[in-house]
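**Student:** Below you'll find the structure I mean.
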Amino acid sequence: MSRIRAAITGVGSYVPDYVLTNQELSLMVDTSDEWITTRTGIKERRILREKGLGSSHMAIRAVENLLSKTNTNPREVDMLLCATVTPDYTFPATANIISAAVGMDHILSYDINAACSGFIYALTTAAQFVETGAYKKVVVVGVDKMSSIIDYSDRTTCVIFGDGAGAVLLEPDTEGFGLMDFKLHSDGTGCRYLHKKAGGSAYPVTMRNFLEQQHFVYQEGQAVFKFAVVNMAEVCYQIMQRNNLRPDDVQWLVPHQANKRIIDAAAERMGLPPERVMLNIHKYGNTTAATIPLCLSDYEHRLRRGDNLVVAAFGGGFTWGALYLKWKYDG
Ligand code: UT7
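Be aware that the sequence shown starts at 18, since it is given in my numbering, and climbs by one per residue.
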């Protein structure tokens with residue numbers, strides 16, 4: 018029998034209804050539609066505004082959408098991983114809350130925190146359980162409610178981020194589809210450029226650090242940009258080289274949606290034309306762990322059995338990496 022690989026057999030997604038446009042942001046901070054569009058490619062983003070609703074609210078809806086689209090009984094699912102940097106609580110894991118809410122009783126579930134690379138880290142982790150034969154149906158969710166950790170008076174961060182969730186189902190495949198290769202990296206020295214300082218064990222929230230806004234995202238945009246633009250492009254190129262993929266062999270680049278200029282640089286390094294690059298940053302902004310499954314969901318109807326996908330991300334940590342996937346079904 019040929020080796021077991023983990024293949025994506027379905028995609029689901031959810032974004033909140035509220036649309037925060039560049040125009041509305043320009044009434045809140047000193048910015049403009051022109052600046053945001055030319056520097057990032059973002060036109061609008063979704064915001065989960067209702068009080069008391071966390072990331073699990075969006076993730077549950079994305080998983081329910083996935084289960085209904087794939088006709089999957091939640092009781093048949095063996096495991097659920099949730100990639101997020103905005104868990105409902107420090108503990109328990111948001112994955113525990115999601116799996117209980119959708120009727121996946123008593124399964125193995127946990128969160129993975131690799132910031133914007135969270136989804137590709139989680140997908141690779143989940144794939145190991147499928148490839149060993151331990152599990153037959155695994156759900157991987159990427160979700161973030163970035164609006165819960167953004168300072169809406171800081172124009173350098175508030176224009177970039179949005180809220181959303183996406184989920185995929187992984188199942189074993191012996192016909193040559195699924196996760197073919199992965200290359201994942203981290204460099205913790207990147208913490209100084211991109212972090213949320215207060216609220217963890219090093220700096221629990223105090224009145225002082227609260228007043229200093231340390232419970233919000235801190236980003237040195239230019240420094241992060243320089244690391245991201247080089248490393249995401251390079252890892253895409255490396256995974257192509259390692260798998261003897263020429264530009265014509267790759268039907269889709271599925272990039273993390275942080276900045277259109279970073280995405281363009283990766284596509285150029287790979288030799289891919291823009292029409293083979295998944296893009297929805299204009300609609301959702303940077304939803305951190307959710308950008309990649311949201312792209313797969315938006316483009317699912319255009320995917321064909323046998324398509325070669327390079328999926329790539331760069332984010333806080335720093336973390337970055339690329340996957341090579343052979344798509345299993347006609348969307
Ligand atoms: O997803 C995880 C990882 N994160 C990323 O990959 C993000 C990487 N970084 C970026 O995408 C970009 O650095 C940003 C979009 C965050 C910023 O774009 P930039 O081209 O690097 O701008 P900058 O920070 O160099 O700022 C240029 C100018 C500054 O003004 P001065 O000093 O030249 O007068 C900023 O104060 O733009 C100003 N500026 C703004 N102006 C209008 C910064 N933010 C804004 C804004 N509206 N929202």
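Each residue gets a CB set at the ideal place from its N, CA and C atoms; glycine is no exception.
Got a sec? Which residues, its chain only, sit under 6 Å from V32 by beta carbon, not counting five neighbours each side?
**Tutor:** So the qualifying residues of the chain are R63 and G181.
**Student:** As a quick exercise: from F108, E67 and T142, pick the residue whose alpha carbon is nearest that of L97.
**Tutor:** Among F108, E67 and T142, the Cα nearest to that of L97 is on T142.
**Student:** What are the partner residues of T38, as DSSP defines its beta bridges?
**Tutor:** DSSP output for T38 lists E61 as bridge partner(s).
**Student:** Please say whether K200 and A339 have beta carbons closer to each other than 7 Å?
**Tutor:** Contact: yes.
**Student:** Report the CB separation of I279 from Y341 in whole angstroms; it is logged as a contact under 8 Å.
**Tutor:** Between Y341 and I279 the Cβ distance is about 20 Å, and since that is not below 8 Å, they are no contact.
**Student:** State the start and end residues of the unbroken beta strand (DSSP E) segment that holds F331.
**Tutor:** Residues N325 to G332.
**Student:** If we ignore side chains and look at the alpha-carbon of each, how far apart do L84 and E67 end up?
**Tutor:** Each residue's alpha carbon lies about 25 Å from the other.
**Student:** Should G29 be listed as close to ligand 1, given that the test is whether its C-beta is under 6 Å from any heavy atom?
**Tutor:** No, the Cβ of G29 stays beyond 6 Å of every heavy atom of ligand 1.
**Student:** Over what stretch of residues does the beta strand (DSSP E) that includes Y152 continue unbroken?
**Tutor:** Unbroken run through Y152: none, as it is neither H nor E.
**Student:** If you run the structure through DSSP and keep just helix, strand and coil, what is T26?
**Tutor:** Looking at T26 - three-state DSSP - the assignment turns out to be strand.
**Student:** Go ahead and pull the three-state DSSP assignment for G181.
**Tutor:** The answer is strand: DSSP assigns G181 an E or B state.
**Student:** Are V94 and L313 touching if we call contact CB-CB under 7 Å?
**Tutor:** Taking 7 Å as the Cβ cut-off, V94 and L313 do not qualify as a contacting pair.
**Student:** Tell me the rounded alpha-carbon separation between K154 and M121.
**Tutor:** Going by the C-alpha atoms only, they are around 11 Å apart.
**Student:** If we call anything under 7 Å between Cβ atoms a contact, is L262 one with A284?
**Tutor:** Not in contact: L262 and A284 (Cβ atoms no closer than 7 Å).
**Student:** Let me know the secondary structure DSSP gives D168 once reduced to three states.
**Tutor:** The answer is coil: DSSP assigns D168 none of H, G, I, E or B.
**Student:** Return the CA-CA distance between A131 and G334, expressed in angstroms with no decimal places.
**Tutor:** Straight-line Cα distance between these residues: approximately 7 Å.
**Student:** Ends of the alpha helix (DSSP H) at C253?
**Tutor:** Looking at the DSSP string, the run of the alpha helix (DSSP H) that includes C253 is G238 to R259.
**Student:** So which of Y152, G179, S116 and R172 has the shortest CA-CA distance to M45?
**Tutor:** Ranking Y152, G179, S116 and R172 by Cα distance to M45 puts R172 first.
**Student:** Quick check on P272: buried or exposed, where buried means 16 or more other Cβ atoms within 10 Å of its Cβ?
**Tutor:** By the 10 Å Cβ count, P272 comes out buried.
**Student:** Between which two residues does the beta strand (DSSP E) holding F199 run?
**Tutor:** Per DSSP, F199 belongs to the beta strand (DSSP E) from G195 to S203.
**Student:** Could you compute how far the alpha carbon of E61 sits from the alpha carbon of Y301?
**Tutor:** Approximately 6 Å, taken between the alpha carbons.
**Student:** If I follow the unbroken beta strand (DSSP E) through V147, where does it start and stop?
**Tutor:** Per DSSP, V147 belongs to no beta strand (DSSP E); it is in the alpha helix (DSSP H), G135 to E148.
**Student:** Going by beta-carbon coordinates alone, are F136 and A100 separated by less than 7 Å?
**Tutor:** Yes, the Cβ-Cβ distance between F136 and A100 is below 7 Å.
**Student:** Quick one: give me the first and last residue of the alpha helix (DSSP H) that V80 is part of.
**Tutor:** Here the alpha helix (DSSP H) through V80 covers S72 to K86.
**Student:** Under the DSSP definition of a beta bridge, which residues are partnered with A219?
**Tutor:** BP columns for A219 are empty, so no partner.
**Student:** Please tell me whether K162 and L65 are closer than 7 Å, where the distance is taken between their beta carbons.
**Tutor:** Cβ atoms of K162 and L65: closer than 7 Å.
**Student:** Return yes when the C-beta of T57 is under 6 Å from any heavy atom of ligand 1, and no when it is not.
**Tutor:** Correct: T57 has its Cβ closer than 6 Å to ligand 1.
**Student:** Kindly list the residues whose CB is nearer than 6 Å to the CB of T38, restricted to its own chain and excluding five residues on each side of it in sequence; keep chain order.
**Tutor:** For T38, where only same-chain residues beyond five positions count, the Cβ hits under 6 Å are E61.
**Student:** Hey, would you say the C-beta of A112 is under 6 Å away from at least one heavy atom of ligand 1?
**Tutor:** Outside the cutoff, so no.
**Student:** Just list the residues that DSSP pairs L296 with in beta bridges.
**Tutor:** DSSP, once it has assigned bridges, lists no residue as partnering L296.
**Student:** In whole angstroms, what is the alpha-carbon distance linking H212 and Y235?
**Tutor:** If I take the Cα positions, the gap works out to 5 Å.
**Student:** Taking R321 as the reference, which of F194, Q40, A139 and I177 has the closest Cα?
**Tutor:** Per the Cα distances, F194.
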